[in-house]
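Line by line, the protein sequences give chains A and B.
Residue 23 in our numbering sits at position 23 of the first sequence; the count goes up by one each step and never skips.
Remember, our numbering sits 1000 above the position in the second sequence when you count from 1.
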Amino acid sequence: MSPGALLETAALMGLFVLAGGAYGGLYSMGRLRARPHWVRAGQACWLLAFAIAVLIALRSPLDLGWKLLILASAMVYAVIPPVTWRYLQRLHAHEETQQ
Amino acid sequence: MSTAAQPLYRSQRLALRYFTAAIALFGVMIAFGLLSAAYYLFPSMLFNVFNFNTSKIMHIDILVIWLLMGFLGAVYWYLPKELGREVAGIRAAEITFWVFCLAIALVAATFLFVQYGSANEFTLWFINQGRKYVEAPRWAAIGIVAILLVFSWNVVGTCVKAHKMTGIMWVMVLDLIPLVVVYLDAFPADTNMSTDLYWWWWLVHMWVESTWEVLIGCIMALVLMDVMGTSRRIVEAWLYIEVMLVLGAGILGLGHHYFWIGTPQYWLAIGGFFSALEPLPLLGMVVHAVYDAGMHRLRTSNQPAFYWITAEAFGNFIGAGIWGFMMTLPQINLFSHGTQWTVSHGHFAFYGAYVCGVIAVLYVAKQRVTGVPLLAGHTWRWGFGLLNLGMVGMVMALLLAGMAQAFYGRAIGGSTLMAFTTASENLWFKSGMYARMLFGVIFAAGYVALVYDLLRAPRSAALPAAQPQPA
């Protein structure tokens, strides 16, 4: 790995997770406050995370296995916030019914 | 949360002593952190008087000890509340607290005034065990095992005598096994460096990261019920999920420490794969934090605790998730390991995962002791703001310095001694070190504000409507 590629790849990997986190944060705040444009902004962050994953796959000198893992992670990132949100809603709703 | 209407249990008074010791040691840790940072700016400072290594030992070992004291205090605080009775063996717990404090004082005095000994058994037993992060001499390491055994007896004995087991207590009791057993790795066992490091990483990763992660999970579950009125079923469901994730990704994530210590090559794949999975559950926790905060519309009877809990979720994601992922794959880690880049990740991850949680418990205790129905005001915000600003600034500065080391010293220079020296003279590295010092001072100011706020009597304020009720 060249010195330049080292910093570029590391920075892209950090940004990849940051964009994923921004997706999670904005998606859940949008759902919480019923603000669809926040949810859309969150989804845009996921698109950014996916684009970064593609960029890592195309440009970085990482081995193929790691590139595939990062692309797969990007796909999993897409489902974590909505699935977690639905689970939390169901859990709280069930709790309120019990009370 | 309930206030001072009921008297404190003996174990809660013991918890207050643990909290006092923990917060005092937190200050000592910061002082030695600043001293260690100063060595990077003035390398000949205190030459032949007090060396950098000892300062670093004090900084890191005290980190481990004050957090451990914070955890023990938190468990002693919540145990009677959770099980409805005084802690079993409370007298032994009280004695071990003073033994613990005395041992810390003796070990610190040895480190400060003796520092080093000859390479023989006496040094190992009475001066320095020579194992990174657990340098305390062997007698003190045995003492920690004894303290953990008494603590385990307290927890299990209280459950038995109370004839009660909650989901949180099951997780905590099971976690006591690795808490004691894995710590036994603190004792040197092998003269082969690779084999020794192989087991030593069990101590650092499995004990400090995995076992502590489960313990703080239990503590946070109790805090969430207390501060936010979250129902037991919900916090227990999340606790089980967290335990599954720790077992699923965290245990084999240990492999990222095995990359360059002489272990077989398959650890590159195992460590990289499981470490890369670690941000996924943290993303779920961010969603959970936003959900919980939003459901309570930021209303709580204990604002500082609430904000510190929220800071923990985000700090964990950023420190462990983003900072960890940047450098976890072997091809990157080859260049980044052992640089200030790693230090940056370590600072942020520890702060996010543990420090924020312990501070939240301190505020829970403060509200209970002072008996105010609403803990709010503005003073705590200074501590919260300065500590977070200081930490973020420090980790950014360390990241900058670490990237300069990896770039100039490793990738360009090829990891030679000359390359290390050249990288240490690089402007980016030096700027990072100066910035780290500046933000370290800000962090120290935050600590002063935190202690001031914890000690001052809160102004009484009316409880706003629609407060969450304790479960």
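For each residue, glycine too, the CB sits at the ideal point set by N, CA and C.
### Query
With 16 as the cutoff for other CB atoms within 10 Å, does residue 1222 of chain B come out buried or exposed?
buried
### Task
Determine the DSSP secondary structure at residue 1053 of chain B, reduced to helix, strand or coil.
helix
### Query
Is the closest heavy atom of the ligand ADP to the C-beta of residue 1199 of chain B under 8 Å?
For the ligand ADP, the structure offers nothing, since it holds no ligand at all.
### Message
As an exercise, report each continuous alpha helix (DSSP H) stretch of at least 4 residues that is fully enclosed by the region 1229-1288 of chain B, in chain order.
### Response
1232-1245, 1266-1277
### Query
Within 10 angstroms of its Cβ, does residue 1107 of chain B collect 16 or more other Cβ (buried), or is it exposed?
buried
### Message
Mapping the DSSP letters down to three states, classify residue 1471 of chain B as helix, strand or coil.
### Response
With a pLDDT of 34 at residue 1471 of chain B, under the threshold of 50, the modelled position of that residue is not reliable, and no figure is offered here.
### Task
Anything in the region 1232-1243 of chain B with a Cβ closer than 8 Å to a Cβ of chain A? List those residues in chain order, please.
1233, 1234, 1237
### Reference residue 1362 of chain B, options B:1411, B:1454, B:1321, closest by Cα
B:1454
### Task
Give, in chain order, every residue of the region 61-89 of chain A whose Cβ lies closer than 8 Å to some Cβ of chain B.
61, 62, 63, 65, 66, 69, 70, 73, 76, 77, 80, 81, 84, 85, 88
#### Entry: Whole beta strand (DSSP E) elements within the region 1338-1380 of chain B, 3-residue minimum
none
### Message
Using a Cβ-Cβ cutoff of 7 Å, what residues of the region 4-26 of chain A are near chain B? List them in chain order.
### Response
6, 7, 9, 10, 13, 14, 17, 18, 20, 21, 24, 25
### Query
Mind checking if residue 1125 of chain B is an interface residue toward chain A, Cβ cutoff 9 Å exclusive?
no
### Query
Is it buried or exposed for residue 1350 of chain B, if we count other Cβ within 10 angstroms and need 16 for buried?
buried
### Task
Confirm, please, whether the CB-CB distance from residue 13 of chain A to residue 56 of chain A is below 9 Å.
yes
#### Entry: Rounded distance between the beta-carbons of residue 46 of chain A and residue 78 of chain A, thought under 8 Å
6 Å
### Query
residue 1183 of chain B and residue 1207 of chain B: beta carbons closer than 9 Å?
yes
### Query
Where does residue 1316 of chain B sit, in a helix, a strand or coil, going by DSSP?
helix
### Query
How far does the alpha helix (DSSP H) with residue 1333 of chain B in it reach, from first residue to last?
1330-1336
### Contact set for residue 1198 of chain B: own chain, Cβ-Cβ below 8 Å, skip 5 residues either direction
1258, 1261, 1263
### Message
Please state the DSSP three-state secondary structure of residue 1001 of chain B.
### Response
Confidence at residue 1001 of chain B is low in this model, with a pLDDT of 44, below 50, so its placement is unreliable and the value that follows should be read with caution. DSSP places residue 1001 of chain B in coil when its eight states are reduced to three.
### Query
Counting pairs of Cβ atoms below 8 Å between the region 1393-1407 of chain B and the region 87-95 of chain A, do you hit three or more?
no
### Same chain, Cβ closer than 7 Å to residue 1041 of chain B, five either side skipped, listed in chain order
1433, 1434, 1437
### Task
Please confirm whether residue 1133 of chain B and residue 1203 of chain B have their CB atoms less than 9 Å apart.
yes
### Query
Taking 9 Å as the CB-CB limit, is residue 1012 of chain B close to chain A?
no
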